[in-house]
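Engineer: Before anything else, here's the structure in question.
Residue numbers (our numbering): 1 to 122.
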């Protein structure tokens with residue numbers, strides 16, 4: 001294991017950003033696949049918040065944070081696989097450049113908060 005990261009965010013904060021900035025916010029932070037997935041849900045803000053927290057946790061686990069070291073929001077995509085687990089996909093070439101073998105992420109939420117934990121294997 002190389003690093004771990006955790007993040008928590010208020011779902012209301014994400015909901016406000018979506019309401020105020022709309023697609024400008026969504027397209028800056030999330031991939032097309034993430035936007036499509038979350039918008040299909042009854043309460044999309046919960047799923048957007050979970051992915052926001054997951055991306056932050058992954059950036060912390062990698063050790064670069066966002067921007068320092070060239071990591072951008074849309075370089076990380078969080079999608080669900082058939083068994084319900086979250087699958088992390090890194091932008092083309094990034095996995096090799098950062099020497100990342102695998103990333104595990106777990107997301108959860110309650111009424112007001114979304115939280116995510118990430119483990120990076122190098």
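Glycine included, C-beta positions come from ideal geometry on N, C-alpha and C.
All of these numbers come straight from a predicted model, not from anything done at the bench.
State the Cα-Cα distance for the pair residue 41 and residue 47, rounded to the nearest angstrom.
Structural biologist: Straight-line Cα distance between these residues: approximately 8 Å.
Engineer: Residue 100 by DSSP, collapsed to three states: which one?
Structural biologist: The answer is coil: DSSP assigns residue 100 none of H, G, I, E or B.
Engineer: Compare the C-alpha of residue 73 against each of 98, 54, 114, 86 and name the closest.
Structural biologist: Considering only alpha carbons, the answer is 54.
Engineer: Count the CB pairs spanning the stretch 23-35 and the stretch 70-84 that are closer than 8 Å, and state whether there are at least three.
Structural biologist: Contact between the stretch 23-35 and the stretch 70-84 is present, because at least three Cβ pairs lie under 8 Å.
Engineer: Leaving out five residues on either side along the sequence, give the residues of the same chain with a beta carbon under 6 Å from the beta carbon of residue 15.
Structural biologist: Within the same chain, residue 15 has close Cβ partners 45.
Engineer: Relative to the C-alpha of residue 122, which candidate in 101, 112, 115, 111 has its C-alpha closest?
Structural biologist: Out of 101, 112, 115, 111, 101 has the C-alpha closest to the C-alpha of residue 122.
Engineer: Hey, quick one: how far does the alpha helix (DSSP H) through residue 53 stretch, first residue to last?
Structural biologist: Looking at the DSSP string, the run of the alpha helix (DSSP H) that includes residue 53 is 44-62.
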